[in-house]
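This report refers to the structure that appears directly beneath it.
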Amino acid sequence: MSDAHDTCTILGIETSCDETSAAVVVDGRDVRSNLVSSQVKLHEKYGGVVPEIAARAHIEQVRPIVEDALAQAGVGYDDIDAIAVTQGPGLVGSLLIGVTAAKVLTLTHDKPLVPVDHIEAHATSAALVSDEPPWPAVALVVSGGHTSLYLVRDFLDIELMGQTTDDAAGEAFDKVASILELGYPGGPPIDRCARDGNPAAFRFPRAWIKKPHFDFSFSGLKTAVLYHVYGVGRKYGSVAHLSASQIADIAASFQAALVDVLVTKTIAAARRASVANVVIGGGVAANTGLRASLQRACDDAGLRLHLTPMKYCTDNAAMIAALGYHAFRAGRTADLWLEPRGGLVRPPRTTGPAPKRNTR
Ligand code: KG4
Ligand code: ZN
1 MSDAHDTCTI LGIETSCDET SAAVVVDGRD VRSNLVSSQV KLHEKYGGVV PEIAARAHIE
61 QVRPIVEDAL AQAGVGYDDI DAIAVTQGPG LVGSLLIGVT AAKVLTLTHD KPLVPVDHIE
121 AHATSAALVS DEPPWPAVAL VVSGGHTSLY LVRDFLDIEL MGQTTDDAAG EAFDKVASIL
181 ELGYPGGPPI DRCARDGNPA AFRFPRAWIK KPHFDFSFSG LKTAVLYHVY GVGRKYGSVA
241 HLSASQIADI AASFQAALVD VLVTKTIAAA RRASVANVVI GGGVAANTGL RASLQRACDD
301 AGLRLHLTPM KYCTDNAAMI AALGYHAFRA GRTADLWLEP RGGLVRPPRT TGPAPKRNTR
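In terms of my numbering, the sequence shown is residues 1 to 360.
Right, here's the structure in full:
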């Protein structure tokens, strides 16, 4: 492709939520640069991502971060074979900035434009660090915006097995941290706090854990914590009536319930799909309880768990460029009519029976 060694260099751009990221990846594996500008500080005081603020920050960040990613990789536009960009899902205002930037760059520098699905990029990011692509595998993608199980047969052959029907796992962490006044984002402080607590102190609900489908529901778990803290029917208040050890017990019991559901369903999905590999992606994959519990369960079930390093678990453009490489090689390019795709598009279920709704 770009030089005598037939290498293929992709510039990736990711702006689906609150991280502006650009990366240069060669042959879908060799990460030459992967820069991420986080907006956590901008959204902290609101306790969640504010879409308008996120979009505005992307506008400011996208151009410099692309230039820095190219500079750090030591390449110019002449060395780039194609530009891959996150098309969705995500916040539509945020996606629009990345898609527009990618379109302008492809037009200005006469490069092919490659749209990439953000969650499929999370599902395949483990291949960035494995010796051989770990497919076929079941991929658990758990972040602030997504909780999904995929059967990854190959980079471009990915089937959705199930996903959350309400809150994402990270969203549940963030909301429970807000209830317990532990700060934002909520995953890291709950993770820390849970280490000092008793995970069996309270039995919080584990929705659909034994159901023969792979969908998730975490809104009942979050409400159970809310009612446990303030009493049934009450709204948020202060947690001054709780001691540090009571808060630790609630955090540990909440985390145990959520991790139990994720791990049980992931192992069941791997069995249903008859695969030997499990991969994990998304910010919640940083959770020490989830990592340890999934590792134990995979060992017991004779499955190989591929734990992706954190820099490729959280939102990053390297995973976009990496999957973009395979899409580009397969001719999956787009023209300038490409539009961002905000919401989750749910493809028809092809694995397992349809779930019964509103049952625990
Ligand atoms: O993938 P990510 O960086 O951004 C997207 O949402 O796409 O994930 C962020 C989410 C937040 O909800 C955050 O609370 C959660 O990942 N998170 C964690 C941990 N670190 C980050 N959740 C549980 N335990 C952690 N250690
Ligand atoms: Zn993500």
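Just so you know, even glycine gets a beta-carbon here, dropped at the ideal spot from N, CA and C. Since the model is a prediction, treat every value here as computed from it, not as a measurement.
Considering only their Cβ atoms, is the gap separating residue j from residue i smaller than 9 Å?
i, j, result
"Val294", "Thr106", "One point to set straight first is that residue 294 is Leu, not Val, in the sequence displayed. Their beta carbons are not under 9 Å apart, which means Leu294 does not touch Thr106 by this criterion."
"Ile53", "Gln39", "yes"
"Ala73", "Pro112", "no"
"Lys265", "Ile209", "yes"
"Ile361", "Gln255", "Because the chain is modelled from 1 through 360, residue 361 falls outside the range shown and cannot be assessed."
"Ile97", "Thr7", "no"
"His306", "Ala126", "yes"
"Ala200", "Ile250", "no"
"Val25", "Ala330", "no"
"Val114", "Ala334", "yes"
"Leu35", "Tyr312", "no"
"Gly281", "Ala123", "yes"
"Pro134", "Val279", "yes"
"Phe218", "Asp166", "yes"
"Ala84", "Leu338", "no"
"Val49", "Leu91", "yes"
"Leu156", "Arg332", "yes"
"Gly93", "Ala69", "no"
"Ala23", "Ala276", "no"
"Ala257", "Asp196", "no"
According to DSSP, which residues form a beta bridge with residue i?
i, result
"Leu140", "Leu149, Ile280"
"Gly162", "Leu149"
"Leu113", "Ile83, Ala334"
"His306", "Val279"
"Glu14", "Ser21"
"Thr9", "Val26"
"Asp315", "Paired residues: none, contrary to the question."
"Val31", "Val25"
"Gly88", "Asp117"
"Asp154", "Asp157"
Roughly how many whole angstroms lie between the Cα atoms of residue i and residue j?
i, j, result
"Leu11", "Ala240", "50 Å"
"Pro386", "Glu159", "Not covered by the structure: residue 386. The range shown for the chain is 1 to 360."
"Thr86", "His118", "6 Å"
"Gly237", "Leu226", "10 Å"
"Asp18", "Val31", "22 Å"
"Pro205", "Val75", "52 Å"
"Ser33", "Glu67", "11 Å"
"Ala285", "Gln163", "16 Å"
"Val138", "Glu132", "16 Å"
"Ala224", "Tyr77", "53 Å"
"Lys361", "Gly183", "Outside the shown range of the chain (1 to 360) lies residue 361, about which nothing can therefore be said."
"Leu95", "Ala121", "15 Å"
"Lys41", "Asp315", "16 Å"
"Asp110", "Ile80", "10 Å"
"Pro64", "Ala207", "44 Å"
"Ala177", "Lys222", "10 Å"
"Pro309", "Ala71", "24 Å"
"Ala252", "Val229", "14 Å"
"Leu262", "Leu151", "15 Å"
"Ala57", "Ser274", "44 Å"
"Phe216", "Val141", "12 Å"
"Gly342", "Asp260", "30 Å"
"Ser21", "Ile13", "6 Å"
"Arg272", "Met161", "10 Å"
"Cys193", "Arg296", "22 Å"
"Glu44", "Pro185", "7 Å"
"Thr9", "Arg153", "24 Å"
"Gly231", "Val116", "45 Å"
"Pro340", "Asp27", "25 Å"
Consider the Cβ of residue i: report whether some Cβ of chain B lies at a distance smaller than 9 Å.
i, result
"Val36", "The structure shown contains no chain B; it is built from a single protein chain."
* Segments assigned alpha helix (DSSP H), at least 4 residues, entirely inside the region 36-74 -> 40-44, 51-73
* **Three CB pairs or more closer than 8 Å across the region 96-103 and the region 281-298** => no
* To do: Write down every uninterrupted run of the alpha helix (DSSP H) in the region 197-234 whose length is 4 residues or greater and which is fully enclosed by it, in chain order.
  => 219-230
* Does the region 163-175 come within contact of the region 139-154, defined as at least 3 CB pairs closer than 8 Å? -> yes
* Should the region 265-276 be called in touch with the region 296-314, which here means at least 3 C-beta pairs below 8 Å? -> yes
* Which runs of the beta strand (DSSP E), 3 residues or longer, sit entirely within the region 234-295? -> 277-281
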